[in-house]
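**Student:** Residue numbers (our numbering), protein chains in the order written: chain D, 4 to 82; chain B, 3 to 318.
Note that beta-carbon positions come from the ideal geometry of N, C-alpha and C, so glycine has one too.
Just so you know, these numbers come straight off a predicted model, no measurement behind them.
Right, I'll just put the structure down here and ask away after.
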Amino acid sequence: MEIKVLGPGCANCHKMEETARAAVKELGIAATIEKISDMQEILKYTMSTPGLVVNGKLKHSGKPLPPVAKVKALLKEEA
Amino acid sequence: MLKDFAEYLTYSVIKLEHGSRLADVLEFFVYDTLKIFLLLSVIIFVVSIIRSYFPPEKTKKMLSHKKEFIGNVLAALLGIVTPFCSCSAVPLFIGFVEAGVPLGVTFSFLISSPMVNEIAVVLLWGLFGWKITAIYISTGLLVSIIAGLIIGRLRLEKWVEEYVYRIRTGQGQEVSKQAFRERLQYARWNTGDILKKVWLYIIAATGIGGFIHGYVPQDFLVRYAGPQNPFAVPVAVALGVPLYSNAAGVIPIVYALMEKGLSTGTVLAFMMAVTALSLPEMIILRKVLKVPLLAVFAGIMTVTIIVVGYLFNAIL
């Protein structure tokens, strides 16, 4: 599974990345997590950061941040 | 009901003397704190649900290639319902420009969105009543429309960073349609998130407010900041600039000050300066705007807000 966390580097984006890592670990799946801060790349998906992209599909964008349980459910949809 | 509880706590549980200053302060504090938390929770929850129907992608499409004026009015209105936080100001700005939203229209959105925000509105409503809140919202919209129109007319596109025009991104994606249950879930998280962020400020501010309410003489501020003092409005605006995003903490203090003679126009100008003219947001916007455009933006906002302050001091 290929996960991208979109965000220019604000506090919320770091939190989103941590949440994604925790979700992957709890699910015990194989996934790469990439942090995207390039505007061009971010805007291909969304204008509201932080964003979560799984296998090329936007699964979450903006605030409020989803908790780990929700991210797990979002990852499962794409598994 | 909340009033009864505050009274009960002050006089029956803690057994303070009726009419004593301390009792006054405590009653004010308990009542205001409860009222604000209750209002905040309910309204943030409702607003979060409404906002989930207005993602920025939709707003962008609606504003794309809109004409001057109609575009500015629409942008100011959409600013209220489109969720936006200053940390995504840069991608949002680029997205708007790329979709052909005119610069002035983009600014109407960028101004109204933080200014007419739910926290400010809830607090104004809870403490000052619906009339002042309605005045605040409508002048907030008016300020956004006018400032956006002026910026549009000045043709300042050359002062947008060049790279913004080079970014080509296409449509972007939308998160798959949310079920209503999911919207409720997000609204609950959002409410929790915001309360977690502001509760301490609110308690501190209602505490200070209670102290001012009980211990500062009734007409203390009339001499310094009443409608007669021509400097009250500009000073209030200058004080508001560094206080960004602390609307929650600022308003209870302002409320207590108003009781002591601070006039309505000054209060409104102060609130607008706090929410719409912020240093951190300027720094974020610097990534997409060159310094002269930022300066024009800040200048227009300052002047309009000060005019609003004087106007309401004169007519209210």
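Consider the Cβ of T171(B): report whether some Cβ of chain D lies at a distance smaller than 8 Å.
**Tutor:** Against the second sequence, residue 171(B) aligns to sequence position 169. Yes, its Cβ sits closer than 8 Å to a Cβ of chain D.
**Student:** Measure the alpha-carbon distance for N192(B) versus M273(B) and round it to whole angstroms.
**Tutor:** As a position in the second sequence, residue 192(B) is number 190, starting the count at 1. As a position in the second sequence, residue 273(B) is number 271, starting the count at 1. If I take the Cα positions, the gap works out to 23 Å.
**Student:** Strictly by DSSP, which residues pair up with T104(D)?
**Tutor:** Residue 104(D) is absent from the structure shown; chain D starts at 4 and stops at 82.
**Student:** Is the Cβ of T35(D) closer than 8 Å to any Cβ of chain B?
**Tutor:** Taking the first sequence and counting its residues from 1, the one referred to as residue 35(D) is at position 32. No, no contact with chain B.
**Student:** Taking only three categories from DSSP, how would you classify V118(B)?
**Tutor:** Within the second sequence, the letter at position 116 stands for residue 118(B). The answer is coil: DSSP assigns V118(B) none of H, G, I, E or B.
**Student:** For S43(B), which of helix, strand or coil comes out of DSSP?
**Tutor:** Taking the second sequence and counting its residues from 1, one reaches residue 43(B) at position 41. Correct three-state label for S43(B): helix.
**Student:** Write down every uninterrupted run of the alpha helix (DSSP H) in the stretch 232-276 of chain B whose length is 4 residues or greater and which is fully enclosed by it, in chain order.
**Tutor:** 234-242 and 249-261
**Student:** Between which two residues does the beta strand (DSSP E) harbouring K66(D) extend?
**Tutor:** Here residue 66(D) corresponds to residue number 63 of the first sequence, with the count starting at 1. Counted as a single uninterrupted DSSP element, the stretch harbouring K66(D) is not any beta strand (DSSP E), since DSSP gives it neither H nor E.
**Student:** How many Å lie between I205(B) and T12(B) at the Cα?
**Tutor:** Residue mapping note: residue 205(B) aligns to position 203 of the second sequence, counting from 1. Residue mapping note: residue 12(B) aligns to position 10 of the second sequence, counting from 1. Spanning the two alpha carbons is a distance of roughly 17 Å.
**Student:** Could you tell me the alpha carbon to alpha carbon distance between L129(B) and Y188(B), rounded to whole angstroms?
**Tutor:** Along the second sequence, read from residue 1 onward, the residue named residue 129(B) stands at position 127. Along the second sequence, read from residue 1 onward, the residue named residue 188(B) stands at position 186. If you draw a straight line from the Cα of L129(B) to the Cα of Y188(B), it comes to about 28 Å.
**Student:** Can you grab the Cα-Cα spacing for the pair F31(B) / L41(B), in whole Å?
**Tutor:** As a first step, residue 31(B) must be located in the second sequence, where it is residue number 29. As a first step, residue 41(B) must be located in the second sequence, where it is residue number 39. In a straight line, the C-alpha of F31(B) is about 15 Å away from that of L41(B).
**Student:** Rank P69(D), K75(D), L30(D) and E5(D) by C-alpha distance to the C-alpha of M19(D) and give the top, closest one.
**Tutor:** Reading the first sequence from its first residue, position 16 is the one you call residue 19(D). Checked all of P69(D), K75(D), L30(D) and E5(D); the closest Cα to M19(D) is P69(D).
**Student:** Along the alpha helix (DSSP H) that carries V83(B), what are the first and last residues, could you check?
**Tutor:** The sequence position of residue 83(B) within the second sequence is 81, counting from 1. From DSSP, the alpha helix (DSSP H) with V83(B) extends over I72 to V83.
**Student:** Is the Cβ of K198(B) closer than 8 Å to any Cβ of chain D?
**Tutor:** Indexing the second sequence from 1 puts residue 198(B) at position 196. Taking 8 Å as the CB threshold, K198(B) stays off the interface with chain D.
**Student:** Got a sec, what are the start and stop residues for the alpha helix (DSSP H) L55(D) sits in?
**Tutor:** Numbered from its first residue, the first sequence carries residue 55(D) at position 52. That residue, L55(D), is in no alpha helix (DSSP H); its beta strand (DSSP E) goes G54 to V57.
**Student:** Can you name, in chain order, every residue of its own chain whose Cβ lies under 6 Å from the Cβ of I253(B), other than the five neighbours on each side?
**Tutor:** The residue you call residue 253(B) lines up with position 251 of the second sequence. Counting only Cβ-Cβ distances below 6 Å, and skipping sequence neighbours, we find L125.
**Student:** With 16 as the cutoff for other CB atoms within 10 Å, does P57(B) come out buried or exposed?
**Tutor:** One-based indexing of the second sequence puts residue 57(B) at position 55. Under this definition P57(B) is a buried residue.
**Student:** Who are the near neighbours of A238(B) in its chain, counting only those whose CB is closer than 6 Å to its CB and skipping five residues on each side?
**Tutor:** Along the second sequence, one-based indexing puts residue 238(B) at 236. So the qualifying residues of the chain are T268, A271 and F272.
**Student:** Would the stretch 282-292 of chain B and the stretch 77-96 of chain B be scored as touching if the rule is three or more Cβ pairs under 8 Å?
**Tutor:** yes
**Student:** Under the DSSP definition of a beta bridge, which residues are partnered with L291(B)?
**Tutor:** For the purposes of this step, residue 291(B) is identified with residue 289 of the second sequence, where counting begins at 1. V162(B).
**Student:** Secondary structure at K17(B), three-state DSSP: helix, strand or coil?
**Tutor:** The count along the second sequence starts at 1 and reaches residue 17(B) at position 15. Coil, per DSSP.
**Student:** Is DSSP giving T171(B) helix, strand or coil here?
**Tutor:** For the purposes of this step, residue 171(B) is taken as the residue at position 169 of the second sequence. Coil at T171(B), not helix or strand.
**Student:** Using the three-state DSSP reduction, which class does L129(B) fall into: helix, strand or coil?
**Tutor:** For the purposes of this step, residue 129(B) is taken as the residue at position 127 of the second sequence. L129(B) falls in the helix class under three-state DSSP.
**Student:** List the endpoints of the continuous alpha helix (DSSP H) containing T61(B).
**Tutor:** Residue numbering aside, residue 61(B) sits at position 59 when the second sequence is read from its first letter. Unbroken alpha helix (DSSP H) run through T61(B): P58 to L65.
**Student:** Taking all protein chains shown into account, decide if T171(B) is buried (16 or more other Cβ within 10 angstroms of its Cβ) or exposed.
**Tutor:** Numbered from its first residue, the second sequence carries residue 171(B) at position 169. Result: buried.
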